[in-house]
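Protein chains in written order, with our numbering: chain A, 304 to 1074; chain W, 4 to 619.
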């Protein structure tokens, strides 16, 4: 919506601009002429005004009514008369004299022109200008985005920026100047020669050579030229056809029809002589036309024109004649033909019939399906034997079936490659026309580029359209020529798959858009089909996952330790393999140790548990008691504040995180913060990170040489920016990164003064904005 | 902070090591025999068989036809000519020849996974496109670097040694003499006994490169030597009881905990410093990446001394009496102290209190050791038990074993072997693989010494265990103990003096501040959430509004009298109520979920299965 509105406003702007330009020039030129005139008048006015100051002459001025003194043939002054000058006043005297007819015509033309719309006000214009300028600038600047991004993400930037030159010479160059010297090298080369491996210059195996020679350059060029020519011819022909189609003159068309009819007659005569069977077919066609005529009410004086003529027929001889002519024609058409007499339609009185004769039904059908009558299609369908003969190539590719199907059903004659290509073009063009209407247009430059995807889509469309066409035919029960029937039958097995789809859409699909929609529907159906399958897979997967999850939970539970002291649960005391007994008495072991061993026991554990309890208590956050004894009640020695009051004024400390040794009964882990270590830790999260886990992950790999190989260390510690000492680092240019510099100059112009944009620029802006 | 998973690096100018022990008991193999085995192996072009077929191919070109079969396979590769010519549609070069191995070389997935550090288990909140691109870049970088690291693992040519008993034979019964007989001369020379009965039980320490050995006897005998060449650097008697001895960052400096104070000597035996603030020190630990010397004293203080600047960083009172059990966690440089009340406390210089306290034994703790990956801790107590704890958050014992006399000393090797000294016997246990805890079912090796054990340490990068005892010092062979490949830039056993000096400068430049020691070093790569929240709050207070908050609902003005104040309020109330309802709904859902969870926990908790212990 907004885009449309913008476009409209811009269009309005452009019109208004053009029109503004015109009157301005006009005015300027006009004022040139009027300049002295006006000056004089003003001067006189001034004089009068001054003279009227004394009050005597004031009345006089108002009363003045005679014609202006300064009447000139160049200037029509409306001064004096109170009303505006109307064009009709000027035209009145012209009426009588016939010599001034041309002038009258011109004036009438001027009269019929619409009035110019009011120009937008200044602020709006400026706003639009700003918008357009902004868009343009943004577009120009957005070119640099990838460059900037690349530089930001680059591991290393070396300044000054230099274009990389491939310093590595191709291997052929290196090898050409090299010879085997040592015996080992010679031996190797001998081996290579024996095995017919290429050693010298081209360094290509015979297979590679053969593949290179498969198609020569000249051949390829010729081929391309041919194709180009065909394309050009097609476009000329199309242009011509379009021009002719636009001609509104009835007479012209009558003449053309007559010519065609004559030609057709001639051909028919010839055919009768050469090939009587074909002539018979033609006759049958005529017969069919007659049947059509009988069914229709075409020449039975029941049309609008005929009715109007009937009213006039009483008085007008010509009208009467015309009516009779029509009736005669009707008779003629509805009369049954004798096969023996071939000279029924001698005169060109039956133009329309002849036309129908000329154009077989198939073509009509094609026209119905494709948008609008297309002479090119017509041509291709009717007669291209000659062309086919001339353009047949020895290297002609086997025709894809899609093309064959889209061919006229009657004949299976091989069609030249070019023909196919041209038809493809045709269809793509029509498709594009549609898409232009619906969406914004594709860039014109992409016309020539053939991307495979669009090709595929087109071919699909073609097949689809063909099938639809057939469906229509079968629905209408139209009597078709003998050739088509076997064709349809032949294709039916292929269409069977599409059958339900087609039945769903019985209405006739006329445009390519609709066809596209059809294709989309098909796609959706496919997707829908595939989705349940996927879901099924997922559901299959999930049961696999589910047993995993409980397992994990189990594991976690296993880690939870029972509150049992290890020392309380006596572990394996028996020594499986006795160590070698030492019989000697140890000198070390003295009396004191013996006593200690004897008394070692439970008190150790109790002490430890007590210590742990104390540590836990100490690390717990303390509650704050704010009770004031004696406040609001009696106080004194031995009197405690009431429980209610104590509860009310006790601020409970928030519970801290669980201790690390909560489940480890034999361990006391210090929970105090190590401030010395904390001083070395990172305490601010750097920019792109939002959570400290993210940042931690990036610094977990050590970069020192102690933990890395030398290469890795060097790579990890390369500076981000390297500058060459003594070199000037110039700002980056468009050429450096492969852009043309013009865009930059454009930008600079706009930036310097956005107000004064030249007309050329304006046009560009409009274009860009419309795009 | 110690042994994080670092990229493997080839030794620069390192002669290949030939002293990996691969022995069987009955058939002693000599070094010339040993060489034949790898050559026969090497004759088959196939890579080691035990790797799986899974592999990772970065940036595989989509159209290129890639051979389905992995290059790492069990069969030796047959010439692939016929297969190559079957697919002529694949990319051809200009000369018509075809790449038999298209695409980049495959990398085994497991190895790559080892170097991946981004924790992808946590699901991130929905992020903007820009953020997502940053995350993608980070992930791509990680993958690339981990692939590169995995590729360079090819350069780790050496394989660890091993000891195998002949059909069902217990390896624990193989004695040192057999091993020495079986291995090559150079390795055999690494087994030796120093009979030093005069100066009482010895403590000993290997330097970080594994080249030098320092030992100190209770009666004042201190000596340092290049134990490979047996070249003595210095030998002195400090005329005072020596409690512990430790090398500092290099073999040139030696810290000795004497009866009263801590003394520092150089490799000539000249006393450089006497640190009187560290008095009555019983145990010493050196944190190499922080240049910290941790001392535990009789007075119950744990003192951190920065040896690069000579300052005491922190002196922490453990409040648990005499400290004589200490070890360090090489992964995060946390000090583990064992106490007489059966607990082990974990300390960092940044905190006045212990980071964690673990109740390990019913009696006092006699010894503590942490393995090189920081995953397992072995403790032994007065209750004669030996336990292995998991240090990855749970601190639960993985396996327990009662020993006849209890272990007085414990130590882990680089490859995860655990040694315990019990009286005059040492027992060594081995795990299944590198990352697994040592299984205490059967000892891997045992050895009897001439006196009770007083100090134990595995030599880094060697299959050697040093034992200090009352009869002197014994160096015994333990095949498969040491890491076969060393980082030539980090700890090079063959480095010259110049190289050592270079390394010293670099190491000092890369010194880690003491306050960064914490339980989970990866936590340093996390955002300080509390400060973040605080900052946010302050910002809101400063600005007077929350710039990131959702704008409050503002009812639109309407025509025809429907925009009266009452109706406006009504509309506002409607929206507010809706939001409130949403919140309530969500909280209810949460509650229900929790209830369900609890119910399930109860139902499952009723009957714990015996197999539950294997569930992770």
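For each residue, glycine too, the CB sits at the ideal point set by N, CA and C.
Please report the straight-line C-alpha distance between residue i and residue j, rounded to a whole angstrom.
i: residue 298(W); j: residue 259(W); result: 11 Å
i: residue 520(A); j: residue 526(A); result: 10 Å
i: residue 292(W); j: residue 1030(A); result: 43 Å
i: residue 242(W); j: residue 262(W); result: 10 Å
i: residue 421(W); j: residue 1005(A); result: 31 Å
i: residue 1038(A); j: residue 413(A); result: 54 Å
i: residue 613(W); j: residue 403(W); result: 17 Å
i: residue 616(A); j: residue 622(A); result: 5 Å
i: residue 405(W); j: residue 441(W); result: 15 Å
Going by CA-CA distance only, name the one from the options that's closest to residue i.
i: residue 1000(A); options: 101(W), 123(W), 117(W); result: 123(W)
i: residue 216(W); options: 204(W), 238(W), 223(W); result: 238(W)
i: residue 593(A); options: 565(A), 984(A), 633(A); result: 633(A)
i: residue 636(A); options: 617(A), 486(A), 603(A); result: 603(A)
i: residue 582(W); options: 572(W), 555(W), 593(W); result: 555(W)
i: residue 458(A); options: 1022(A), 571(A), 614(A), 588(A); result: 1022(A)
Any idea if residue i is buried or exposed, counting beta-carbon neighbours within 10 angstroms, 16 or more meaning buried?
i: residue 368(W); result: buried
i: residue 601(W); result: exposed
i: residue 190(W); result: buried
i: residue 658(W); result: With chain W covering 4 to 619 only, the question about residue 658(W) has no answer from this structure.
i: residue 288(W); result: buried
i: residue 989(A); result: exposed
i: residue 933(A); result: exposed
i: residue 823(A); result: Low confidence applies here, because residue 823(A) scores a pLDDT of 47, under 50, leaving its location unreliable; read the following figure in that light. Answer is exposed; the Cβ neighbour count stays below 16.
i: residue 64(W); result: Summary for residue 64(W): the model assigns pLDDT 37, below 50, so the residue's position carries little reliability; its value from the coordinates is reported in the next sentence. By the neighbour-count rule (16 or more Cβ atoms within 10 Å), residue 64(W) is not buried but exposed.
i: residue 542(A); result: exposed
i: residue 454(A); result: exposed
i: residue 533(W); result: exposed
Mapping the DSSP letters down to three states, classify residue i as helix, strand or coil.
i: residue 559(A); result: helix
i: residue 627(A); result: helix
i: residue 945(A); result: coil
i: residue 457(W); result: strand
i: residue 934(A); result: coil
i: residue 347(W); result: strand
i: residue 301(W); result: coil
i: residue 151(W); result: helix
i: residue 400(W); result: strand
i: residue 616(W); result: helix
i: residue 102(W); result: coil
i: residue 405(W); result: strand
i: residue 379(W); result: strand
i: residue 339(W); result: strand
i: residue 493(A); result: helix
What does residue i pair with, by DSSP beta-bridge criteria?
i: residue 237(W); result: 227(W)
i: residue 292(W); result: Partner(s): none; residue 292(W) has no beta bridge.
i: residue 927(A); result: 954(A)
i: residue 205(W); result: 220(W)
i: residue 264(W); result: 282(W)
i: residue 479(W); result: 468(W)
i: residue 451(W); result: 428(W)
Check whether the Cβ of residue i lies closer than 8 Å to any Cβ atom in chain B.
i: residue 344(W); result: The structure shown has no chain B; the protein chains it does contain are A and W.
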